[in-house]
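Reviewing the structure listed below.
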Amino acid sequence: MSENSAGNASGPLETALPKGYEPADVEARWGRHWEENKTFTPDPAEVLEGGKQPYSIVIPPPNVTGALHMGHALNLTLQDILCRFMRQQGKSVLWVPGTDHAGIATQNVVERQLKKEGKKRDDLGREAFIDRVWEWRKDYGSRILNQIRRMGASVDWTSERFTLDEGLSKAVREVFVRLFHEGLIYKGNYIVNWCNRCHTALADDEVEHAPKKGKLYRIRYKLADGGGELIVATTRPETLLGDVAVAVHPEDERYTFAVGKNVILPLVGKEIPVIADAYVDREFGTGCLKITPAHDMNDWALARTHNLPVIPVIDDKGFMNENAPAAYQGLASAACREKIVADLDEQGLLVDVADHDHSVGECYRCKSVIEPHVSEQWFVKVGPLAKAARAAVPAETQIFPPQWEKTYYEWLDNIRDWCISRQIWWGHRIPAWTCEACGELLVQTEDPTSCPKCGGALTQEHDVLDTWFSSALWPFSTLGWPDETDKLKAYYPTSVLVTGFDILFFWVARMMMMGIHFKEQVPFKHVYIHALVRDEQGKKMSKSTGNVIDPLEMIAKYGTDSLRFTLTAFAAMGRDIKLSEKRIEGYRHFVNKIWNSARFALMNLPGEPAASLDAALANAPLANRWILHRLEEVKDEVENATLEYRFNDIAQSLYKFIWNEFCDWFVEMAKGDLYGEDEKAKDATRRVLLTVLSETMVLLHPVMPFVTQEIWSVLPGITDKELALAPFPARRPQCRNEAAARGMAFFQGVVGATRTIRTELTIDPAKKLPLIIDTADGYPGAQAVLTENAHLIQQLARIETADIGPGKTGPRASGTAVVEGARIFVPLKGIVDFGAEVARLDKELGKLDKQFAALTAKLSAPGFAGHAPADIVAAEREKLAGLEDAKAKLAELQERLKSALVEG
RNA sequence: GGGCGGAUAGCUCAGCUGGAAGAGCAUCGGCCUUACAAGCCGGAGGUCACAGGUUCGAGCCCUGUUCCGCCUACCA
15 MSENSAGNAS GPLETALPKG YEPADVEARW GRHWEENKTF TPDPAEVLEG
65 GKQPYSIVIP PPNVTGALHM GHALNLTLQD ILCRFMRQQG KSVLWVPGTD
115 HAGIATQNVV ERQLKKEGKK RDDLGREAFI DRVWEWRKDY GSRILNQIRR
165 MGASVDWTSE RFTLDEGLSK AVREVFVRLF HEGLIYKGNY IVNWCNRCHT
215 ALADDEVEHA PKKGKLYRIR YKLADGGGEL IVATTRPETL LGDVAVAVHP
265 EDERYTFAVG KNVILPLVGK EIPVIADAYV DREFGTGCLK ITPAHDMNDW
315 ALARTHNLPV IPVIDDKGFM NENAPAAYQG LASAACREKI VADLDEQGLL
365 VDVADHDHSV GECYRCKSVI EPHVSEQWFV KVGPLAKAAR AAVPAETQIF
415 PPQWEKTYYE WLDNIRDWCI SRQIWWGHRI PAWTCEACGE LLVQTEDPTS
465 CPKCGGALTQ EHDVLDTWFS SALWPFSTLG WPDETDKLKA YYPTSVLVTG
515 FDILFFWVAR MMMMGIHFKE QVPFKHVYIH ALVRDEQGKK MSKSTGNVID
565 PLEMIAKYGT DSLRFTLTAF AAMGRDIKLS EKRIEGYRHF VNKIWNSARF
615 ALMNLPGEPA ASLDAALANA PLANRWILHR LEEVKDEVEN ATLEYRFNDI
665 AQSLYKFIWN EFCDWFVEMA KGDLYGEDEK AKDATRRVLL TVLSETMVLL
715 HPVMPFVTQE IWSVLPGITD KELALAPFPA RRPQCRNEAA ARGMAFFQGV
765 VGATRTIRTE LTIDPAKKLP LIIDTADGYP GAQAVLTENA HLIQQLARIE
815 TADIGPGKTG PRASGTAVVE GARIFVPLKG IVDFGAEVAR LDKELGKLDK
865 QFAALTAKLS APGFAGHAPA DIVAAEREKL AGLEDAKAKL AELQERLKSA
915 LVEG
């Protein structure tokens, strides 16, 4: 092995393949080769001037803070299959890689780093902190990109982008400013999801809900006129300080007496009204709802419809503010809750406390509890944008699988304005300035120096934009927009977006909105939604549960191609993938099989065969005609499956062809010619072997780029050693051959039946047996197929002599089988006890009986002959006849055997 | 509460427009046959969740039920 490895290192082109496939070496070498040669860097001119069709994909940019996980691995594999396939189809393919600056996530990483040094971001100040993040990015930001490299992704590295790089920042400003001047961005005081820890607003979809055990407190609110009380249920008693009303259902007769009156707000003492609103659920709690507009989303909405004031009592860090009674000011909200409960109890206003399970919003980044909070934020008015994005599906953009359309519509139909400001430092700072002197608000792409109105000093908005704001522009910002670059002209709109459904809303819908609005064209023609990768139990992989299968570890152990093939084989549309290491290991065997079949081929291909394929086809043996026929079918299967995103079918089709057909049958049958003396036959079979192997490498290359390229580079007669740029193999209609397929099926049946007899009767494998076949009732080509391939039957079924002909018959003491009408005899004399064979035939007959009964029932069912299509009826009748024949023959053969048994 | 998906061999899953149930892994038996023991040959193993319906015919279409998973809204 060692000398082979050394040979490998010197260069792949001259060296024969080493005995074992060494993925790490091969992957590193070809990965470097592709990048250094810019193999995957297309020239826009070939589209704009050369008339080539464009095919483009923008990678879903992983977070710079991220590490490659199985979801990425699947995502990259599928995109790479599409890109490599489309190159084979002659398209000009651009696959844009890049990373996302991931505002909150990245800021948190660096803040954690600072914490270890005993510092906080405020100690550094904004500028220094941002410098620090850039520094971090310089050191660690390429980690995920290098991991993408290891997947073999055929991205154009010269097109790599970062959502915070200069060009993209320009695009972000352009979009913000234009939306603002179009009235689609506004600023206002609204209630938002607030993370006290991250100290920022979050979008609705950045809030995750988790079940929590809480308490439900019931509190008395006395009527101001002394005419009774209302009991209100709440999980957050501390917010009561900001209550502005109590609401009941308008038809709730228990409370009609109170509507329109005032109640006294406990501990505060002020009067607040009792209002009626159908929003209130009569069944829940007491049916009385306290309204705290500043600290509850729904209360906020109710307050607006009822014109109630908004009184925040908790500040943006989670402490009680000046609106709270003096006794509570400055308390953390949790401490305040305790004090309030105690005070209420003391005053006899607390009815009771009960356990209460409910789901609580958490920050998707730091898992702190989200507190609704009123503050000044920037919003995108999404209504008009969403409408256009909705209308474009499926007319201009199709979603695969289509069931996701409904989810997409659902979300867009219920969309609320998008809060885009974040109170953090790492991100695109909002391009808005306020004049300190006259209050003038400037929103523009270029930094202003002073107020154009009064010349006063300007302060830029402190907030940065939601990370998804820049991600939403990704399909065109990466291509150079707002400049009209050649790249943009050639490759926008992109061909397909490949992603998991978890970011259908976050990202896909927003790209649709922005793409349509700013480019007047959808950003992608197809959206392919792939599965989530789960663990063996179907659970989401996560670090905390420790069920993560690390793709990099799998690559190290089994090679990239094995991992890619596994993910491809499991990527059936619309289903989650339950992955286990076992499966990856299993498909490594397949890589090894391919490798060894190539080694076999090379051993038998001293150079390029002299014969052309057409010459080789003349008088070609069955195996050659058959495998070439199958190759044509596989080309169709692979092409159609890829175009229809049926990735698992690509894998399945190739697996079956390579292993079960090419290796198990063709290669075994070809050995006769390859090892034989007939030079002409040898050369012809070599040509077929080379043709099938090389074209199979092309077909398989999109799924397994490395091993195929490595093999390709040592195949004789290949002029262009760059497999990634080789065209999809041309069709050869002259190789279509149904007769060969039929003949081969029969041949396989005969060999199989013979092998079964041998093994089932535990005949010593080394023992060569005679074989007799009666072809009298076989299909018309049977005799020819068997005589032509008699030597192969001998070889494959370990037979001494094959005596084939119509009416031939074996001794009564024979192992027997019936294949498509032909009777097979394996004389058993002195070899085995006949009892075993009688029993085996009983079993076979039992199977036939079962099938026969089922088919008879079907055919004789009332109406079948009349209603079913004629061709089906005919086919079923033929099947039945075949069964009947086989049954009769087998029974007769068994009788013969039994009589031999009796005679001893 | 609303929506979506799943239930097929011991395990993980295929099964396109309805026409005699498939693969991989695991298992059992036999083979170191000169590309591959990471291999070769053969066997066993399924009332396709349950109940109805449509049809000449249902794993596939329709209705309902039961479990499982996910998404989404709400939870005072």
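Just so you know, the first sequence maps onto residues 15 to 918 in the working numbering.
Heads up, the beta-carbon is just placed ideally off N, CA and C, and yes, glycines get one too.
Check: What residue range is occupied by the uninterrupted alpha helix (DSSP H) comprising Leu364?
Finding: Looking at the DSSP string, Leu364 is not in any alpha helix (DSSP H); the run it does join, the beta strand (DSSP E), is 364 to 377.
Next item on the list: Check whether the Cβ atoms of Asn122 and Arg443 lie closer than 7 Å to each other.
Entry: no
Item checked: CB-CB length for Ser106 against Val61, believed under 8 Å -> 5 Å
Item checked: Nearest residue (CA-CA) to Gly453, options Gly242, Glu460, Ile438, Leu472 -> Leu472
Check: Whose CA, out of Gln361, Ala224, Ala38, Gly621, lies closest to the CA of Ile732?
Finding: Gly621
Notebook entry, point to check: How far does the alpha helix (DSSP H) with Val648 in it reach, from first residue to last?
Noted result: 636 to 657
Notebook entry, point to check: With burial defined as no fewer than 16 other Cβ atoms inside 10 Å of the residue's Cβ, what is the status of Cys468: buried or exposed?
Noted result: exposed
Margin query: Out of Glu385, Trp150, Glu252, which one is the CA nearest neighbour of Asn312?
Written below: Glu385
Next item on the list: Round the Cβ separation of His531 and Leu399 to the nearest angstrom and send it over; I've been treating them as touching at under 8 Å.
Entry: 6 Å
Item checked: Span separating the alpha-carbon of Arg613 from that of Pro37 -> 16 Å
Next item on the list: Measure the alpha-carbon distance for Arg187 versus Gly375 and round it to whole angstroms.
Entry: 32 Å
Notebook entry, point to check: Does the beta-carbon distance from Arg232 to Asp366 come in below 7 Å?
Noted result: yes
Notebook entry, point to check: What separation, rounded to the nearest whole angstrom, lies between the Cα atoms of Arg351 and Glu252?
Noted result: 5 Å
Checklist line | Close-in-space but distant-in-sequence residues of the same chain around Leu193 (CB under 6 Å, 5 per side omitted) | finding: Ile199
Next item on the list: Alpha carbon to alpha carbon, how far is Gly197 from Val648? Give it in angstroms, no decimals.
Entry: 55 Å
Margin query: Which of the three DSSP states is assigned to Ala346 in this structure?
Written below: strand
Checklist line | As assigned by DSSP and simplified to three states, the class of Asn276 | finding: strand
Checklist line | Spatially closest choice to Asp94 from Asp885, Val510, Ser874, Ile886, by CA coordinates | finding: Val510
Checklist line | Cβ-based neighbour list, Leu619, same chain, cut-off 8 Å, excluding 5 preceding and 5 following | finding: Arg700, Leu703, Leu704, Leu729, Pro730
Notebook entry, point to check: Between the C-alpha atoms of Arg114 and Tyr269, what's the straight-line distance to the nearest angstrom?
Noted result: Checking the sequence shown, residue 114 turns out to be Asp, not Arg. Rounded to the nearest angstrom, the two C-alpha atoms are 54 Å apart.
Next item on the list: Tell me whether the beta-carbon of Gly240 lies closer than 7 Å to the beta-carbon of Thr306.
Entry: no
Check: CB of Asn122 to nearest heavy atom of the ligand ZN: below 6 Å?
Finding: In terms of ligand content, the structure shown is empty, and the ligand ZN therefore cannot be addressed.
Notebook entry, point to check: When the Cα of Thr214 is compared with those of Ser435, Ser874, Val78, Leu456, which residue comes out closest?
Noted result: Ser435
Check: How many Å lie between Asn638 and Leu631 at the Cα?
Finding: 8 Å
Notebook entry, point to check: Near Ala23, which residues of its chain fall below 6 Å by C-beta distance, leaving aside the five closest residues on each side in sequence?
Noted result: No answer about Ala23 holds up, because its pLDDT of 32 lies below 50 and its placement is not dependable.
Item checked: DSSP beta-bridge partners of Gln391 -> Gly202
Next item on the list: Pull up the distance between the alpha-carbon of Glu892 and that of Ile787, whole angstroms please.
Entry: 23 Å
Next item on the list: Compute the distance between the beta-carbons of Ile158 and Pro75, then report whether it is under 7 Å.
Entry: no
Notebook entry, point to check: Given a threshold of 16 other Cβ atoms within 10 Å of its Cβ, counted over all protein chains shown, does Leu911 qualify as buried or as exposed?
Noted result: buried
Checklist line | Given Val147 as reference, the closest of Ile245, Val124, Met165, Trp171 once Cα atoms are compared | finding: Val124
Check: Going by C-alpha distance, which of Glu752, Trp609, Asp791, Arg211 is nearest Arg644?
Finding: Glu752
Next item on the list: Along the alpha helix (DSSP H) that carries Tyr572, what are the first and last residues, could you check?
Entry: 565 to 572
Item checked: Element boundaries [beta strand (DSSP E), containing Phe661] -> From DSSP, Phe661 is part of no beta strand (DSSP E) but of the alpha helix (DSSP H) over 661 to 669.
Next item on the list: Count the CB pairs spanning the segment 596 to 609 and the segment 569 to 585 that are closer than 8 Å, and state whether there are at least three.
Entry: yes
Next item on the list: At 4 residues or longer, and completely inside the segment 813 to 900: list those alpha helix (DSSP H) runs for me, N to C.
Entry: 848 to 874, 878 to 881
Next item on the list: Go through its chain and collect everything with a Cβ distance to Leu894's Cβ below 8 Å, but skip five positions before and after it.
Entry: Phe866, Leu869, Thr870, Leu873
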